[in-house]
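My numbering applies: residue 462 is where the sequence shown begins, and numbers increase by one. The block underneath contains the structure these notes are about, expressed in structure tokens.
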Amino acid sequence: MPLRSIVSLKAMVALALLAAPLPLQAQTAAPAAPAAAAGPSVTVTQAQTTEIVQSVVVSGSIVARDEILVAPEVDGLAIVELLAQEGDKVAKGQVLARLNRTTLDVQKAQNDAQIARAEALIAQAKAQIAEADANLVQANNAFDRTKALRESGNTSVETFDQRAAAARSGQARANSARQALEIANADLALARAQGRDIAVKLARTEIKAPRAGIVSRRTARLGAMASMLPQTDPLFRIIADGEVELEAQVAEVELPKLKLGQPVAVTPAGANEALAGTIRLISPEVDKASRLGRVLVALDGNPPVAIGSFARGIIATGRKRAVTLPLSAITYSRAGATVQSVKDGRVTTKPVTLGLVGDGRAEIASGITDGETVVARAGTFVRDGDIVTPVETN
């Protein structure tokens with residue numbers, strides 16, 4: 462066979478060997494080792510020892526601790542002068558307004574004349590008594606002499622009767638004079654009593670502040686008729702001594718946590734800083750419809766807060782350092798509170814005992830230790846025994 466043919470044949474055999482399929486063992490690659498199973502990613506957090514403050518939030522309105530209603534004490538007189546405005550600080554006894562006293566001045570002049578007349582009648586009655594007593598003495602003496610003469614037979618019966626009648630008449634005139642004196646004294650007492658009444662009314666034409674404070678409202682108007690009727694508004698409203706407080710509504714379940722004298726941080730509407738206060742009164746009654754109780758919080762230092770404005774108060778009812786968790790990490794059920802602990806990627810549900818609650822965290826009195834990892838949002842995606850991938854919160 463020629464040499465060229467032998468070379469061609471070897472080339473064709475080599476190509477055939479290259480094109481032939483590889484053995485099955487060479488073609489099939491070894492399967493990869495199965496990856497370890499991984500659970501879903503779950504955000505976790507750690508129990509920490511922190512200071513926790515439990516508080517009760519209340520809300521209500523600013524009111525006057527003692528509000529004084531100033532109304533006129535005399536009817537039918539017009540207001541002629543106003544001496545106080547809303548917001549004024551007034552002292553005890555300060556004149557706030559004056560009423561028209563013309564009619565009372567006339568009555569006082571008449572009363573003064575009645576008193577003078579009664580005093581003159583008393584003097585006249587006393588003079589009449591003196592005259593009647595003198596005449597009575599004279600008549601009695603004459604009668605005594607006539608009676609002695611009659612016994613001796615030296616006078617007539619007619620003369621005796623005349624002297625007896627004169628003595629009785631003198632006694633009657635003396636009694637009449639004394640009765641006139643009593644009437645005059647009674648008239649004088651009546652006139653003086655009327656005078657005192659007029660003096661009281663004249664004094665009441667000056668409407669005065671019964672106690673120091675701040676005028677919160679004034680309904681008095683010049684020319685208006687002052688009235689003592691209960692359905693009319695008082696002329697002035699005064700915040701006694703300028704003392705204001707928060708009248709707050711509290712849920713009945715929170716009332717047992719409150720005590721007299723507890724400090725309260727009160728923030729009026731629009732204020733940037735809280736005002737210091739203390740619980741002054743806890744009402745013993747709860748409204749049957751709203752299930753709310755009433756608490757009065759006295760504000761320290763009488764701050765200039767408008768009464769009627771809304772305010773919010775925070776009352777600290779407990780403070781301590783303890784192991785705490787966010788409230789979102791706690792699940793509540795009929796059996797009690799539970800927490801989903803995470804250890805080595807496995808979830809374990811643990812019952813816990815809670816203590817104070819405040820600022821979005823809860824005290825864990827038992828069941829979880831400091832530094833233990835738990836599901837940050839418990840009870841949502843995972844159950845007891847699930848395998849998870851913990852992801853720490855920032």
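Each residue gets a CB set at the ideal place from its N, CA and C atoms; glycine is no exception. These numbers were taken from a predicted model, which means no experiment stands behind them.
Could you please give the first and the last residue of the uninterrupted beta strand (DSSP E) stretch that includes residue i?
i: residue 729; result: 724 to 729
i: residue 669; result: 667 to 669
i: residue 697; result: 697 to 701
i: residue 504; result: 502 to 507
i: residue 836; result: 834 to 836
i: residue 711; result: 705 to 712
Could you pull out every residue in the same chain whose Cβ sits closer than 7 Å to the Cβ of residue i, ignoring the five residues on either side in sequence?
i: residue 800; result: 786, 790, 791, 811, 813, 828, 829, 835, 839
i: residue 652; result: 572, 575, 576, 579
i: residue 718; result: 517, 778
i: residue 532; result: 689, 695, 696
i: residue 681; result: 540, 543, 558, 696, 697
i: residue 434; result: Residue 434 lies beyond the range of the chain shown here (462 to 855); nothing can be said about it.
i: residue 537; result: 686
i: residue 639; result: 590
Quick test of your reading: residue i and residue j, contact by CB under 8 Å. State the CB separation rounded to the nearest angstrom.
i: residue 783; j: residue 504; result: Contact doesn't hold; Cβ gap of about 23 Å is too wide.
i: residue 712; j: residue 753; result: 6 Å
i: residue 665; j: residue 535; result: 5 Å
i: residue 586; j: residue 650; result: Their Cβ separation, rounded to whole angstroms, is 14 Å, which puts residue 586 and residue 650 out of contact at 8 Å.
i: residue 710; j: residue 520; result: 7 Å
i: residue 817; j: residue 513; result: 5 Å
i: residue 808; j: residue 845; result: 6 Å
i: residue 603; j: residue 624; result: 5 Å
With DSSP run on the structure shown, which of helix, strand or coil describes residue i?
i: residue 741; result: strand
i: residue 751; result: coil
i: residue 829; result: coil
i: residue 719; result: coil
i: residue 674; result: strand
i: residue 548; result: coil
i: residue 811; result: strand
i: residue 847; result: coil
i: residue 580; result: helix
i: residue 592; result: helix
i: residue 818; result: strand
i: residue 487; result: In this predicted model, residue 487 has a pLDDT of only 39, less than 50, meaning its place in the structure is not dependable enough to derive any value.
i: residue 735; result: coil
i: residue 746; result: strand
i: residue 606; result: helix
i: residue 637; result: helix
i: residue 679; result: strand
i: residue 802; result: strand
i: residue 823; result: strand
i: residue 852; result: strand
Output needed for residue i: all residues of its chain with C-beta closer than 6 Å, excluding positions within five of it in sequence on either side, in chain order.
i: residue 679; result: 547, 697
i: residue 497; result: Interpretation of residue 497 is limited by its pLDDT of 45, a score under 50 that renders its predicted location unreliable; no figure is taken from the coordinates.
i: residue 556; result: 544, 667, 669
i: residue 635; result: 593, 594, 597
i: residue 662; result: 535, 565
i: residue 729; result: 766, 770, 772
i: residue 780; result: 514
Might you give, ordered along the chain, the residues of its own chain that have their beta carbon closer than 8 Å to the beta carbon of residue i, omitting 5 neighbours on each side?
i: residue 685; result: 539, 540
i: residue 815; result: 791, 798, 823, 824, 825, 826
i: residue 484; result: Reliability fails at residue 484, whose pLDDT of 43 lies under 50, so the model's placement of it is uncertain and the value that follows must be treated cautiously. Same-chain partners within the cutoff: there are none.
i: residue 747; result: 713, 716, 753, 754
i: residue 683; result: 540, 541, 542, 543
i: residue 583; result: 642, 645, 646, 649
i: residue 705; result: 523, 524, 525, 526, 760, 763, 764, 766, 768
i: residue 873; result: There is no way to answer for residue 873, as the model of the chain reaches only from 462 to 855.
i: residue 854; result: 504, 505, 506, 837
Give a yes or no on whether 8 Å exceeds the smallest Cβ distance from residue i to chain B.
i: residue 770; result: As a matter of chain content, chain B is missing from the structure shown, which is built from one protein chain.
| query | Which full runs of the beta strand (DSSP E) of 3+ residues lie inside the stretch 754 to 799, going along the chain? | reply | 771 to 787, 791 to 794
| 3-residue-minimum beta strand (DSSP E) runs that sit fully inside the stretch 509 to 563, ordered along the chain | 509 to 525, 528 to 531, 540 to 543, 556 to 560
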